[in-house]
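Notes follow the structure.
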Amino acid sequence: IMPWKRIKFTAEGQNYDADPVLLQYLGGKFVTVFPEQAAIAEPKWPMNG
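Per the numbering used here, numbering of the sequence shown is gapless, rising by one per residue and ending at 50.
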């Protein structure tokens, strides 16, 4: 999953334009819950509730 618009590396090799992607284990599988434009489910919190 790449929710960012481009790839641009720094001299240290890090992708300057990368954004985080959060997954949560729901319904027996991992699903994307963040960022909003890539989410396929709402996050469930707390996990045990």
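Glycine is no exception: its CB is placed at the ideal position from the N, C-alpha and C atoms.
Does DSSP put residue i in a helix, in a strand, or in coil?
i   : result
T33 : strand
Q25 : strand
N49 : coil
Residue i to residue j, Cα distance in whole Å?
i   : j   : result
W5  : D18 : 7 Å
L23 : Q15 : 19 Å
N49 : A40 : 21 Å
Would you please state the rounded distance, in angstroms, between the beta carbons of residue i and residue j? I believe it to be under 8 Å.
i   : j   : result
P21 : V34 : Not quite, the Cβ-Cβ distance comes to about 11 Å (not below 8 Å), so this is no contact.
A42 : L27 : 6 Å
To which residues of the same chain is residue i closer than 7 Å at the C-beta, ignoring the five residues directly before and after it?
i  : result
R7 : D18
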